[in-house]
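Novice: Take the sequence shown: its position 321, counting from 1, is numbered 488 in our numbering, and each next residue is one higher. Using N, Cα and C, we set each Cβ at its ideal position, and we do this for glycine too.
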Amino acid sequence: MLNFIVRRLIQIPVVMLVLSLMVVGLTQMLTPEQRAAPYIRSEQQAARLEQIIEERGLRDPFPVQYGRWFSKTISGDLGFSKASGKDVLDTIRERLPATIELTIITAIPILLLSIWLGTLSALHKDKMIDQVLRVLTIIAYSLPTFVLGILMLAIFYAYLGWLPGAGQLSVVNQFAVGDLRRYTGMLSVDAALNGRWDVAWDVIRHMLLPAATLTIVSSASIIKVMRNNMLEALTSDYVRTARAKGLAPRIVNNKHARRNALLSIVTLGGFLIIGLLGGSLITETIFAFPGIGQWVVQAALQIDLAAVLGFALLSALIVVVVSTLVDILYGVIDPRVRFD
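1. Do residue 462 and residue 202 have their beta-carbon atoms positioned less than 8 angstroms apart in this structure?
2. Is residue 442 closer than 8 angstroms to residue 451 when the C-beta atoms are compared?
3. Leaving out five residues before and five after residue 337 in sequence, what residues of the same chain have Cβ atoms less than 7 angstroms from its Cβ?
4. Going by beta carbon distance, what residues of the same chain come within less than 6 angstroms of residue 233, once the five residues before and after it are set aside?
5. Among residues of its own chain, excluding the 5 on either side of residue 340, which ones have a beta-carbon nearer than 6 angstroms to its beta-carbon?
6. Would you kindly work out how many angstroms separate the C-alpha atoms of residue 297 and residue 328, rounded to a whole number?
7. Measure the CB-CB distance between residue 250 and residue 401 and report whether it falls below 8 angstroms.
8. Taking the alpha helix (DSSP H) that residue 355 falls in, what are its first and last residues?
9. Would you kindly check if the distance between the Cβ of residue 432 and the Cβ of residue 282 is under 8 angstroms?
10. For residue 307 and residue 387, what's the separation of their Cα atoms in angstroms?
11. Could you tell me the distance, in whole angstroms, from the CA atom of residue 448 to the CA atom of residue 253?
12. Would you tell me roughly how many angstroms separate the C-alpha atoms of residue 322 and residue 434, rounded to the nearest one?
13. Does the separation of the CB atoms of residue 376 and residue 320 fall below 8 angstroms?
14. For residue 439, which residues of its own chain have a beta-carbon under 8 angstroms away from its beta-carbon, when the five flanking residues on both sides are left out?
15. Residue 248 bridges to which residues according to DSSP?
16. Restricting to runs no shorter than 3 residues, where is the beta strand (DSSP E) found entirely within the stretch 263-319?
17. Let me know if residue 383 comes out buried or exposed under the rule of 16 or more other beta-carbons within 10 Å of its beta-carbon.
18. So what does DSSP say about residue 496, is it helix, strand or coil?
19. Out of 350, 351, 358, which one is the CA nearest neighbour of residue 342?
20. Given that a residue counts as buried once 16 or more other Cβ atoms are within 10 Å of its Cβ, and exposed if not, what is residue 528?
21. Thinking C-alpha only, which one of 246, 224, 269 is nearest residue 381?
22. Closest by CA to residue 229, which one among 303, 244, 199?
23. Pick from 325, 485, 422: whose alpha carbon is nearest that of residue 286?
24. Is the beta carbon of residue 258 less than 8 angstroms from the beta carbon of residue 242?
25. Take residue 207 as the anchor and find which of 236, 197, 219 has the nearest alpha-carbon.
26. With a cut-off of 8 angstroms, do at least 3 Cβ pairs link the stretch 482-494 to the stretch 168-185?
27. To the nearest angstrom, how far is the alpha carbon of residue 224 from that of residue 353?
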């Protein structure tokens with residue numbers, strides 16, 4: 168396994184290099200004037216557009232431009248983000264903890280709920296509970312994220328007033344953030360570590376609606392896959408053998424059938440984590456949640472190339488790391504998997 172992990176770690180710079188070549192190459196489809204736009208921050212700078220193009224070397228050959236960008240990137244300079252008004256690296260450091268926070272509060276319920284409901288549906292095949300779960304799964308799978316998000320806001324925020332709407336904090340607690348000592352960057356965790364439980368609870372309440380939206384939409388496909396896998400496992404030879412030995416149904420279902428049904432769920436769970444850590448673009452935008460996703464949407468609308476490139480590198484890193492962890496989990500769940 169150690170050799171496998173080392174090989175995967177070696178792949179990280181290779182994957183990121185290839186991806187950066189592709190993304191930077193795609194930016195060459197824009198005109199030099201369009202690529203110079205992120206560097207213009209005032210009317211005076213707009214008046215000397217051609218000078219900025221020459222200073223930045225935006226008319227140079229692609230290998231020269233890529234080499235210049237690569238040398239800055241490896242030194243930690245990812246450029247300036249017009250969308251955030253800050254350096255790209257500083258923006259990622261500032262917004263990524265919020266996305267990680269939302270990922271944690273979302274991914275765990277999605278996986279636990281999906282595995283439980285998928286198993287429950289398979290064990291009660293064609294019965295009432297199975298029919299109800301299948302109908303609800305189809306409805307949840309068919310709902311666009313932006314439609315569900317708006318409905319959640321309309322019902323629980325505008326009509327019932329049970330939960331807060333957009334943002335990460337109420338106006339009252341926004342002034343208290345500056346006094347908090349930051350440990351992790353995740354606001355709810357840091358507030359709790361500072362003894363400000365009121366602020367921590369406020370942050371959690373603001374995450375409930377976006378987390379619920381993501382849970383409903385994302386769990387639908389995992390429930391369906393888990394149900395199908397469980398049905399296949401329940402009819403397999405090793406399950407029939409376990410039953411013939413007189414093992415209790417609970418042991419047969421949980422230890423023999425469900426464990427084998429979880430293999431593909433590990434893959435889906437990996438893709439889920441990748442998507443959440445990469446920023447749930449639509450959800451974060453609808454709920455004005457200050458994470459990576461909201462920033463990337465703003466950057467794309469403003470043709471903020473530096474931000475897009477920085478996000479692409481971050482996404483590549485997340486994909487390689489999470490994929491490696493998923494492959495390791497295969498070996499933990501299924502002893503037949505080897506890493507030779």
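Specialist: Walking through what the data contain:
1. no
2. no
3. 331, 369
4. 191
5. 366, 369
6. 33 angstroms
7. no
8. 354-360
9. yes
10. 6 angstroms
11. 20 angstroms
12. 34 angstroms
13. yes
14. 274, 277, 278, 385, 389
15. 253
16. none
17. buried
18. helix
19. 358
20. No answer is possible for residue 528: it lies beyond the span of the chain, which begins at 168 and ends at 507.
21. 269
22. 199
23. 422
24. no
25. 219
26. yes
27. 39 angstroms
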